[in-house]
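Presented below is the structure to which this report refers.
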Amino acid sequence: RTRPGLRLLVVEDHESTLQVLSRLLTRAGHSVVAASNLSEALVAAGKGEFDLVISDLGLPDGTGNELMEILRARHTLRGIALSGYGMEEDIARSRQAGFSTHLTKPIDFPQLQRALREVTDGDLV
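Under my numbering, the sequence shown has 79 at position 98, and the numbering climbs by one with no breaks.
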């Protein structure tokens, strides 16, 4: 019994990390659109429908938190934050911006898959 994959917007300014994440998520059955900064992510979000955004918090032209606030307001999207910082205030800030969960880098793929399942209540993953 296969469930449909998620439509994911993955935002990460580190090119090799973005490629690896996109490849792994695609292999896991999801449809992935990759963006390397806030403005690319907003353009992509305007063009397509997504179930979820996975975003690094540190982007060259803004923050993942800013992105999430905009996407939530416009598209009622859920999100997973990726960050090198995992202090309580960092996590609180990302939750306040609208991220459902906050993963601290380096992340491993099983951890990301668990987060996807939790955020979508196991609906689609």
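No residue lacks a Cβ here, since even glycine has one placed at the ideal position from N, Cα and C.
How would you call residue i, buried or exposed, if buried means at least 16 neighbouring beta carbons within 10 angstroms?
i	result
Phe80	buried
Val13	buried
Glu(-7)	buried
Phe31	buried
Val34	buried
Gly45	buried
Please report how far the alpha carbon of residue i lies from the alpha carbon of residue j, in whole angstroms.
i	j	result
Gly60	Gly27	16 Å
Leu(-1)	Glu69	25 Å
Gly(-14)	Leu5	13 Å
Ile51	Ala78	9 Å
Leu38	Val24	18 Å
Glu(-4)	Ser17	7 Å
Going by CA-CA distance only, name the one from the options that's closest to residue i.
i	options	result
Gly65	Ser75, Thr101, Ser3	Ser75
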